[in-house]
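Reading through the structure tokens given below for one structure.
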Amino acid sequence: MSHEQDAYRAAWEAAVEGAQMRDVPFETMSGVPIDAVYGDGPLPGQYPYTRGLFPAGYRSRLWTMRMFAGFGTAEDTNMRFKDILRNGGTGLSTAFDMPTLMGRDSDSSWSLGEVGRAGVAVDTLADMEDLYADIDLSKVSTSMTINGPAAIVMAMYVAVGEKGGVPRAQLAGTIQNDILKEYQAQKEYIYPPRPSMRIVTDMIDFTNTEMPRWHPVSISGYHIREAGSNAAQELAFTLANGFAYVEAAIAEGQDVNEFGRRLSFFFNSHSDFFEEIGKFRAARRIWARWMKERYGATDERAMMCRFHTQT
0 MSHEQDAYRA
10 AWEAAVEGAQ
20 MRDVPFETMS
30 GVPIDAVYGD
40 GPLPGQYPYT
50 RGLFPAGYRS
60 RLWTMRMFAG
70 FGTAEDTNMR
80 FKDILRNGGT
90 GLSTAFDMPT
100 LMGRDSDSSW
110 SLGEVGRAGV
120 AVDTLADMED
130 LYADIDLSKV
140 STSMTINGPA
150 AIVMAMYVAV
160 GEKGGVPRAQ
170 LAGTIQNDIL
180 KEYQAQKEYI
190 YPPRPSMRIV
200 TDMIDFTNTE
210 MPRWHPVSIS
220 GYHIREAGSN
230 AAQELAFTLA
240 NGFAYVEAAI
250 AEGQDVNEFG
260 RRLSFFFNSH
270 SDFFEEIGKF
280 RAARRIWARW
290 MKERYGATDE
300 RAMMCRFHTQ
310 T
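Sequential numbering from 0 applies to the sequence shown in numbering that gives the first Met the number 0.
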């Protein structure tokens, strides 16, 4: 190992000092050891976060394990949630049926044949109470994949938590609430674009003060990719949507350092291994630079592109 590589390794070790590393071998399928860092340039956890947001990455802590789940009635899905948590799940991810996603009641004629299919049916606050019954919402983070009716569903979740003795400030989770990609790809919108953006920015503002552990938007490229884009187009549309939310919130007088650290992303992961790696690295780098240089963020957490991915 060269002097430069020795120095780089020493800098990384200083950055992760005190972190509890997982006691597992890090090696290829052929048994070749994998070093923690290679090359030069900014370390993982350093601006612009090209190599990752945290110095130790998953060598210290695994990601949250969420099984996307939702079917039938709220009681049905509640049983599934409990089974997931009993078997090692560390978070919940809620799938809603099409009527719920479109803001329709289950007994609407428009809902015929769709109730409880491909997701759980939630019509009322009582349904939401049944959905999370006997689950301690202070100890689990919940992701909810819903957009048009997101404000109503989030309000129901807050009410369920508070009824169970969990203040809204302690509730942790994410609601997708990315309405722009609905017009572009998934088509599950309810209102016109301008009123929809007003709802999104109002929710960002509300969570700034009331729900500091909540991510009010999950800016989603997954649906754009599934609608036919390539990797570069997925990244371009997704970041453009994210910047639109940032600009809308700033225009309403919100502090980028407050709301920026709670924005998150959802990307697709296709089969071209290196192209996908490049896409994720570019996403972190571009987002960090724009948040700092264009929008004036000074809090490092507001510059970080946090995302999860699905195949």
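Beta carbons are placed, not taken as given, at the ideal position from N, Cα and C, and that holds for glycine.
Coarse secondary structure for residue i, derived from DSSP in three states
i, result
"P47", "coil"
"M28", "coil"
"W62", "coil"
"Q253", "coil"
"G147", "coil"
"Q185", "helix"
"G172", "strand"
"S137", "coil"
"S263", "strand"
"S228", "coil"
"V335", "There is simply no residue 335 to check, as the chain begins at 0 and stops at 310 in what is shown."
Same chain, Cβ closer than 7 Å to residue i, five either side skipped, listed in chain order
i, result
"T76", "A68, G69, F70, V119, L130"
"Q253", "I203, D204, N207"
Whole-angstrom distance between residue j and residue i, CA atom to CA atom
i, j, result
"Q169", "F236", "33 Å"
"S110", "T208", "36 Å"
"S137", "D298", "27 Å"
"F273", "M143", "30 Å"
"V15", "G160", "36 Å"
"I178", "W11", "39 Å"
"L262", "S219", "11 Å"
"D104", "Y156", "18 Å"
"A239", "F306", "15 Å"
"E246", "G295", "11 Å"
"E292", "L52", "18 Å"
"P148", "L124", "13 Å"
"R65", "L91", "5 Å"
"G17", "A35", "16 Å"
"E251", "K81", "40 Å"
"D122", "T99", "7 Å"
Residue span of the beta strand (DSSP E) that contains residue i, given as start and end
i, result
"M143", "140-144"
"A68", "65-68"
"N176", "Taken as a continuous stretch (DSSP letters only), N176 belongs to no beta strand (DSSP E), as it is neither H nor E."
"L91", "90-94"
"N86", "It is not in any beta strand (DSSP E) - N86 carries neither H nor E in the DSSP assignment."
"F273", "Note, F273: premise wrong, no beta strand (DSSP E); alpha helix (DSSP H) at 272-288."
"T308", "306-309"
Neighbourhood of residue i by C-beta, 8 Å cutoff - its chain only, sequence neighbours within 5 removed
i, result
"P24", "P32"
"E225", "A184, N267"
"A162", "One detail in the question is off: residue 162 reads as Lys in this sequence, not Ala. Taken in chain order, the residues that qualify are E128."
Residue from the options whose Cα sits closest to the Cα of residue i
i, options, result
"A243", "N229, A231, G259", "G259"
"R8", "L262, Q19, G295, D39", "D39"
"R280", "A230, E292, R293", "A230"
"V114", "N176, A239, M97, T27", "M97"
"I285", "F266, L234, E251", "L234"
"G164", "G147, V199, D133", "D133"
"Y46", "T308, C304, S92", "C304"
"F265", "S217, G241, M290, E257", "S217"
"I223", "K186, I83, R193", "K186"
"D5", "Q19, Y37, H269", "Y37"
"T310", "Y221, N146, V255", "Y221"
"G241", "R167, W213, V199, H269", "V199"
"S140", "N86, D201, T63, A117", "T63"
Start-to-end residues for the alpha helix (DSSP H) that takes in residue i
i, result
"S105", "Per DSSP, S105 belongs to no alpha helix (DSSP H) and is neither H nor E."
"I223", "221-225"
"F205", "192-209"
"D129", "124-130"
"Q100", "The amino acid at residue 100 is misidentified as Gln; the sequence shows Leu. It spans 97-100 - the alpha helix (DSSP H) in which L100 sits, taken as one unbroken run."
Any non-hydrogen atom of the ligand COA closer than 6 Å to residue i Cβ
i, result
"G44", "Among the components modelled here there is no ligand, and therefore nothing to report on the ligand COA."
Chain-order list of residues whose beta-carbon lies under 6 Å from that of residue i (same chain, five-residue window excluded)
i, result
"P54", "A14, V15, P43, G44"
"S195", "I178"
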